Amino acid sequence: MNRVLAHTGATYPIVQAPMGWIARSQLASAVSNAGGVGIIETSSGETEACLQEIRRMKDLTDKPFGVNLPLLFLRDARMIDMVCESDVRFVSTSAGSPGKLLGPLKAAGKIVYHVVPTLSAALKAAEAGVDGLICEGGEGGGFKNPDDVSTLVLLQAVREKVDLPLIAAGGICDGRGMAAAFALGAEGIQMGTRFVSAAESPVHANYKRAILDSADTGTVMLNRSGTPCVRALKTETSKAIYKAGVMDRSTLGSVKDLYFGGDMECSIALAGQTAGLIHEVLPVAEIIQRTVEGFHAIRLKQAERSRAGAF
Ligand SMILES: Cc1cc2nc3c(=O)[nH]c(=O)nc-3n(C[C@H](O)[C@H](O)[C@H](O)COP(=O)(O)O)c2cc1C
């Protein structure tokens, strides 16, 4: 039995990434209804709004969904209490060490997967007692470890040392990426950039268009020596930040005007390198269906070739 499916209760081991303000009920319910795992974000720090979104999920889907708790941004203890009291079973923790949250979450019967960018973080999280790991490589969009390891290497490094179920994140947007991740030991995938550009994603059309127009070289890592270090689309604004070498924290203050107002230069547009592989806005159900079909087609073809002793 695939352990990610057992833990999440979903039909497919495909998780929609937590993304501040974007990963709310409109997108997450579409993912859960299509058989994946929709995730509600809390990194926006908007406690009431996030709790409302968790409640709204109950009206929009009868399928399982999860919640993300990013340690770096958790300023309101109510968020943790409310998640513990809710009947949401799958919780991903990120941006910090899961140790502190693990006690209350496990006592409340939650399944906890922690996001890790390196092998050492994976070993610490495994030692702390998490149920699974989300191995997120530097190709992915959003907040990043400045000492970035690619998803390709990270999965192998973690699989070699840890027996927990692994969800691969960063650089995956279709069945090819999913098959590659499974070949390296993953039992599930998490996609961010692919779902930002989905039809049900609440972001402005300009943001989706910028992802579609992006090349494989169309993103940049910013603020490697500061916090947060992020991967974002190349725009005039992000190129200037890259050149300066540092990013002012206020840059992210106007991110909602970019996400929802469509002003692509007023902040930075978080996205991963898969932006170069995404060519159309598709409904969530189609993204998931195509990913599952592509995954199985590749695995079947490879199994046939291997059975025949071919490469
Ligand atoms: C627009 C955007 C916002 C993100 N915000 C968050 C966040 O709030 N919390 C978090 O843990 N990860 C965040 N991430 C990282 C994603 O959760 C995810 O792991 C990553 O996008 C996977 O890589 P991909 O973009 O190649 O699919 C964000 C990513 C994007 C693209």
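Sequential numbering from 1243 applies to the sequence shown in our numbering.
Note that the Cβ used here is the ideal one computed from N, Cα and C, for glycine as well.
Predicted model, so just to flag it, every value in this text is computed and none were measured.
query	result
Output the distance between the C-alpha atoms of P1563 and R1266, rounded to the nearest integer angstrom.	In the structure as shown, the chain starts at 1243 and stops at 1553, and residue 1563 therefore has no counterpart that could be examined.
Is the Cβ-Cβ distance between V1246 and G1430 less than 8 Å?	yes
State yes or no: is the C-beta of R1541 within less than 8 Å of the C-beta of A1363?	no
Apart from the five residues just before and just after Y1501, which ones in its own chain have a Cβ nearer than 7 Å to its Cβ?	W1263, I1264, V1445, H1446, Y1449
How would you call R1473, buried or exposed, if buried means at least 16 neighbouring beta carbons within 10 angstroms?	buried
Using a threshold of 7 Å, is the CB atom of L1313 nearer than that to any non-hydrogen atom of ligand 3?	Looking at this structure, you won't find ligand 3 anywhere; what it does contain is ligand 1.
Below 7 Å CB to CB, which residues in the same chain sit around S1439 once its five sequence neighbours on both sides are set aside?	K1450, I1453, L1454, I1520, V1523
Return no unless some Cβ of chain D is closer than 8 Å to the Cβ of T1284.	Any reference to chain D falls outside this structure, which holds one protein chain only.
Can S1456 and G1518 be called in contact, C-beta distance under 8 Å?	yes
At what residues does the alpha helix (DSSP H) containing R1192 begin and finish?	Within the shown structure, residues of the chain are numbered from 1243 to 1553, placing residue 1192 beyond reach of any answer.
Indicate the three-state DSSP secondary structure (helix, strand or coil) for L1524 in the structure shown.	coil
Between A1527 and the rest of its own chain, which residues show a CB-CB distance below 6 Å, the 5 nearest in sequence each way excluded?	A1276
Closest by CA to L1302, which one among G1460, A1428, S1271, G1338?	S1271
Mark S1548 as exposed unless 16 or more other C-beta atoms lie within 10 angstroms of its C-beta, in which case mark it buried.	exposed
Name the residue from H1249, R1297, V1333 whose alpha carbon lies nearest to the alpha carbon of P1260.	V1333
L1397: buried (16+ other C-beta within 10 angstroms of its C-beta) or exposed?	buried
Pick from G1382, S1328, K1352: whose alpha carbon is nearest that of L1475?	G1382
Is it true that the CB of V1354 sits closer than 8 Å to the CB of C1377?	no
Please work out which residues of its chain come closer than 7 Å, Cβ to Cβ, to G1468, disregarding the five sequence neighbours upstream and downstream, and give them in chain order.	V1488, M1489
Just confirm the distance between the C-beta atoms of V1325 and L1311, as a whole number of angstroms; I'd bet it's less than 8 Å.	7 Å
Could you name the residues of the same chain whose beta carbon sits closer than 7 Å to that of L1314, not counting the 5 residues immediately before and after it, in chain order?	A1337, G1338
Between the C-alpha atoms of A1368 and G1341, what's the straight-line distance to the nearest angstrom?	10 Å
So, for P1470: in the same chain, excluding its five sequence neighbours on each side, which residues have a beta-carbon less than 7 Å away from its beta-carbon?	F1385
Return the CA-CA distance between Y1484 and T1516, expressed in angstroms with no decimal places.	20 Å
Say yes only if the C-beta of V1523 is nearer than 7 Å to one or more non-hydrogen atoms of ligand 1, and no if none qualify.	no
Taking only heavy atoms of ligand 1 into account, decide whether any of them is closer than 7 Å to the Cβ of V1387.	Just to set this straight, residue 1387 is Asn in the shown sequence, not Val. Incorrect: N1387 has no Cβ contact closer than 7 Å to ligand 1.
Here's the rule: buried if 16 or more other CB atoms are within 10 angstroms of the residue's CB, otherwise exposed. What is E1402?	exposed
At which residues does the beta strand (DSSP E) containing F1307 begin and terminate?	1307-1312
For A1420, which of helix, strand or coil comes out of DSSP?	For the sequence presented, residue 1420 should be read as Met rather than Ala. Of the three classes helix, strand and coil, the one that applies to M1420 here is helix, per DSSP.
My assumption, with CB atoms under 8 Å, is that G1514 sits in contact with T1435. Please give the rounded CB distance.	4 Å
Check whether the Cβ of I1414 lies closer than 7 Å to any heavy atom of ligand 1, and answer yes or no.	yes
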